[in-house]
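2 protein chains.
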Amino acid sequence: MSSEATEQRVLAAVGERRELVNAAIDEDLPMADPERLYEAARYLLKAGGKRLRPTVSLLAAEAVADVDPLSEDYRTFPTVGGEASDVDVMAAAVSLEVIQSFTLIHDDIMDDDDLRRGVPAVHKAYDTETAILAGDTLYSKAFEIMAETGADPADGLEAMRMLASTCTKICEGQALDVQFESETEVLPEEYLDMVEHKTAVLYGAAAAIPAIILGADEEVVDALYQYGIDSGRAFQIQDDVLDLTVPSEKLGKQRGSDLVEDKETLITLHARQQGVDVDGLVDSETVEAVTEEEIDAAVERLEEAGSIDYARQTARDLTEQSKECLDVLPDNEARELLCDIADYLITRGY
Amino acid sequence: MSSEATEQRVLAAVGERRELVNAAIDEDLPMADPERLYEAARYLLKAGGKRLRPTVSLLAAEAVADVDPLSEDYRTFPTVGGEASDVDVMAAAVSLEVIQSFTLIHDDIMDDDDLRRGVPAVHKAYDTETAILAGDTLYSKAFEIMAETGADPADGLEAMRMLASTCTKICEGQALDVQFESETEVLPEEYLDMVEHKTAVLYGAAAAIPAIILGADEEVVDALYQYGIDSGRAFQIQDDVLDLTVPSEKLGKQRGSDLVEDKETLITLHARQQGVDVDGLVDSETVEAVTEEEIDAAVERLEEAGSIDYARQTARDLTEQSKECLDVLPDNEARELLCDIADYLITRGY
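Chains as they are written, first to last, in my numbering: chain Z, 1 to 350; chain H, 1 to 350.
Have a look at this one:
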């Protein structure tokens with residue numbers, strides 16, 4: 001299938017579920033007292049977002065239960081064995097989106113980023129104290145929401161366990177990312193490990209937790225987790241490629257900003273191994289000062305070293321791996337859409 | 001019993017369990033990679049602390065299971081019905097201490113406090129970014145640890161649910177505390193509600209979660225929770241009284257610092273209701289500038305208004321309420337020690 005048709009199918013699948021997800025977020029994380037705290041906690045979630053991870057969760061549920069997409073109520077979903085039909089997979093999807101929002105709020109404080117999703121970051125719209133506390137509130141709310149899926153208690157507890165270990169890994173990944181900024185020699189494997197922790201585990205949990213609470217076999221749970229890990233890693237690598245290859249106006253920020261800001265990526269780490277003087281690629285020290293010609297020359301040098309192709313190929317390999325994981329699932333439309341999402345994550349233009 | 005004998009019994013009970021708790025913290029929260037992250041996360045836990053909350057948890061387990069203090073291994077504890085004898089109540093105690101440590105780290109950032117337990121706060125010993133992330137890591141680790149008590153899954157899930165809602169309430173309490181700083185008219189009931197959220201719910205969870213994972217009846221769980229809530233509120237009120245009545249050298253900080261820093265307490269809120277000009281009680285604007293004479297005069301004014309007696313009486317009433325909650329438990333030594341702890345929280349001299 002052409003990548004354009006894939007993209008259309010993915011955007012349709014996401015679009016068809018977005019309103020349901022947004023309504024569920026409002027239900028599971030309603031306004032409460034103290035108002036300012038809950039306004040700050042809900043602020044980013046209300047500001048939008050594609051809802052890609054919740055879509056992965058909802059499709060994973062449909063694929064595992066082997067039901068037609070959108071044929072079942074996500075709040076009263078049938079288990080795999082058919083013993084029960086009242087598992088709230090939507091709560092699991094919301095819980096993970098709430099965790100994602102918490103990490104964005106705290107990351108923006110740590111990185112001192114001013115903007116997020118086109119609006120001021122929470123610590124700018126409110127203040128740092130409120131942003132720390134808003135993130136902390138979302139953190140526990142995510143666990144409260146995950147506790148209410150109505151799954152068999154052993155499965156419910158296992159879902160809580162995975163949610164907790166996922167959060168720990170995200171923190172470890174963020175710490176590694178900060179650590180790498182001051183290290184001169186990071187191996188590509190170490191970078192991929194960091195990306196797995198920081199970004200991919202949340203995709204892994206988004207795919208695996210619905211299988212857990214629907215009572216799927218461990219083999220299926222593990223396969224969905226690995227699907228999320230591999231496609232999540234590919235997603236991050238594609239982000240690094242796009243930063244160099246997509247025109248600034250389409251990217252919504254200066255092309256090559258990672259290079260200007262000395263951010264290591266799989267591309268620069270590969271280039272270093274090839275003997276490229278990565279630190280000398282761009283002289284300008286700010287994204288305001290850099291010229292398109294400078295970026296063009298840097299990209300050409302990275303292309304000559306085979307570094308961009310290496311990143312693209314690594315992302316493609318991970319995507320193929322991720323799709324193969326899904327072979328253990330029944331052959332159905334939801335599984336196809338999960339494959340499409342994996343493809344989309346590395347073929348999307350921006 | 002005299003308050004001195006009570007204090008000795010409490011300190012003995014805490015002391016007998018401290019090394020066990022410290023060893024368990026090391027086991028359940030070991031050093032890991034990235035090292036700097038885990039050093040920062042473990043830093044405050046290693047710096048000490050009385051371990052009062054873990055002691056409450058361990059005594060609650062002994063009281064509920066009706067076993068002699070220190071007669072059973074806390075890692076393989078018998079359930080109430082006697083069906084199982086492998087519940088890890090120590091993990092629950094550690095989990096709550098880890099949550100306590102996370103809240104201290106984030107609170108110190110928010111309040112910009114430099115010192116904690118006699119050592120620099122984590123955001124001073126490391127940096128703010130690391131401190132945010134260290135707190136976030138402890139947060140999820142606490143859930144990971146609580147997930148491994150080996151309790152019946154339904155009970156284990158219920159414990160996770162209470163842990164999550166407790167964390168949400170702590171965040172709400174902290175937000176209320178900040179909000180009250182800019183409000184002129186806070187009612188004593190609102191103050192007690194804030195204290196319940198910010199401080200007491202963690203005592204409630206410390207007392208109730210062991211009962212949950214040991215399979216105790218809901219009535220017992222609720223009673224232990226309320227015991228923790230009432231004694232925790234009394235504890236905070238006593239803190240406010242001590243700030244005015246204990247000599248600075250014994251208090252370890254300037255007596256009356258709450259007044260100097262315009263911090264509202266049950267005492268000042270009562271005094272305002274009696275028409276006392278609380279804002280005019282102390283002219284000095286820093287704890288360095290204030291004199292003992294100024295504090296003496298302010299305390300005399302508050303005593304005349306009956307505000308200190310009001311706070312003391314409120315704390316005593318709450319303590320009596322908290323002890324009455326324990327009547328549903330079997331009459332045993334651990335229950336007596338829980339009563340002693342409630343008394344100790346308001347009779348302690350500093």
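In this text, a Cβ means the ideal position worked out from N, Cα and C, and glycines have one as well.
Everything numeric in this text was worked out from a predicted model, so none of it was measured.
Cα-Cα separation, residue i to residue j
i, j, result
"L345 of chain Z", "H197 of chain Z", "18 Å"
"D207 of chain Z", "V56 of chain Z", "The sequence shown places Ala at residue 207 of chain Z, rather than the Asp named in the question. In a straight line, the C-alpha of A207 of chain Z is about 6 Å away from that of V56 of chain Z."
"A175 of chain H", "R53 of chain Z", "30 Å"
"V287 of chain H", "D258 of chain H", "9 Å"
"K253 of chain H", "G118 of chain H", "11 Å"
"G81 of chain H", "L157 of chain H", "19 Å"
"D177 of chain H", "S307 of chain H", "20 Å"
"C24 of chain H", "V94 of chain H", "Checking the displayed sequence, the identity of residue 24 of chain H turns out to be Ala instead of Cys. Using only the alpha carbons, I get a separation of about 7 Å."
"A47 of chain Z", "Y126 of chain Z", "15 Å"
"S85 of chain H", "P153 of chain H", "15 Å"
"A315 of chain H", "D240 of chain H", "10 Å"
"D351 of chain Z", "I145 of chain Z", "No information on residue 351 of chain Z is available, as it lies outside the stretch 1 to 350 that chain Z covers here."
"A121 of chain Z", "D108 of chain H", "22 Å"
"V260 of chain Z", "Y191 of chain Z", "19 Å"
"D26 of chain Z", "R42 of chain Z", "9 Å"
"R385 of chain H", "P69 of chain H", "In the structure displayed, chain H extends from 1 to 350; residue 385 of chain H sits before or after that span and is not available."
Range covered by the alpha helix (DSSP H) that runs through residue i
i, result
"E158 of chain Z", "153-181"
"N22 of chain Z", "3-28"
"M31 of chain H", "Element bounds for M31 of chain H: n/a, residue is neither H nor E."
"G228 of chain H", "218-245"
"T137 of chain Z", "128-146"
"Q100 of chain Z", "89-111"
"S248 of chain H", "248-251"
"K46 of chain Z", "35-46"
"V64 of chain Z", "52-65"
"K124 of chain H", "122-125"
Residue i, buried or exposed, once every other Cβ within 10 Å from all chains shown has been counted against 16
i, result
"P31 of chain H", "The residue asked about is misnamed: residue 31 of chain H is Met in this sequence, not Pro. Counting Cβ neighbours within 10 Å, M31 of chain H comes out exposed, since fewer than 16 surround it."
"Q313 of chain H", "exposed"
"G215 of chain H", "buried"
"P382 of chain H", "Look at the range of chain H in this structure, 1 to 350, and you will see that residue 382 of chain H is not part of it."
"A386 of chain H", "Missing from the structure shown is residue 386 of chain H; chain H here goes from 1 to 350 and no further."
"Q238 of chain H", "buried"
"P188 of chain H", "buried"
"K50 of chain Z", "exposed"
"L357 of chain Z", "The question about residue 357 of chain Z has no answer, for chain Z in this structure spans 1 to 350."
"E264 of chain Z", "buried"
"K323 of chain H", "buried"
"D277 of chain Z", "exposed"
"E289 of chain H", "Checking the sequence, you will find Ala at residue 289 of chain H rather than Glu. By the neighbour-count rule (16 or more Cβ atoms within 10 Å), A289 of chain H is not buried but exposed."
"T79 of chain H", "buried"
"P247 of chain H", "exposed"
"T103 of chain Z", "buried"
"D262 of chain Z", "exposed"
"K250 of chain Z", "exposed"
"E83 of chain H", "exposed"
"Q8 of chain H", "exposed"
"T166 of chain H", "buried"
"T291 of chain Z", "exposed"
"G135 of chain H", "buried"
"M28 of chain Z", "Residue 28 of chain Z is actually Asp in this sequence, not Met. Buried, because 16 or more other Cβ atoms sit within 10 Å of the Cβ of D28 of chain Z."
8 Å Cβ cutoff met for residue i and residue j
i, j, result
"D243 of chain H", "R233 of chain H", "no"
"M194 of chain Z", "F180 of chain Z", "yes"
"V328 of chain Z", "V220 of chain Z", "yes"
"H223 of chain H", "L326 of chain H", "Going by the sequence as given, residue 223 of chain H is Ala instead of His. Contact: yes."
"A61 of chain Z", "L338 of chain Z", "no"
"V186 of chain H", "L302 of chain H", "no"
"A91 of chain H", "E148 of chain H", "yes"
"G173 of chain H", "G204 of chain H", "no"
"S231 of chain Z", "T319 of chain Z", "yes"
"S101 of chain Z", "L44 of chain Z", "yes"
"Y139 of chain Z", "Y139 of chain H", "yes"
"A311 of chain Z", "Q274 of chain Z", "no"
"V87 of chain Z", "I213 of chain Z", "yes"
Contact belief for residue i with residue j at Cβ below 8 Å, rounded distance in angstroms
i, j, result
"D283 of chain H", "E300 of chain H", "Actually they are not in contact, since the Cβ atoms of D283 of chain H and E300 of chain H sit about 15 Å apart, beyond 8 Å."
"T137 of chain H", "C171 of chain Z", "4 Å"
"I132 of chain H", "M110 of chain Z", "6 Å"
"A142 of chain H", "V98 of chain H", "4 Å"
Per-residue contacts from residue i into chain C (C-beta, under 7 Å)
i, result
"E129 of chain Z", "Judged by its chain identifiers, the structure shown contains no chain C, and its protein chains are Z and H."
Closer than 7 Å: residue i CB and nearest the ligand GDP heavy atom
i, result
"V246 of chain H", "No copy of the ligand GDP appears in this structure; indeed no ligand is present at all."
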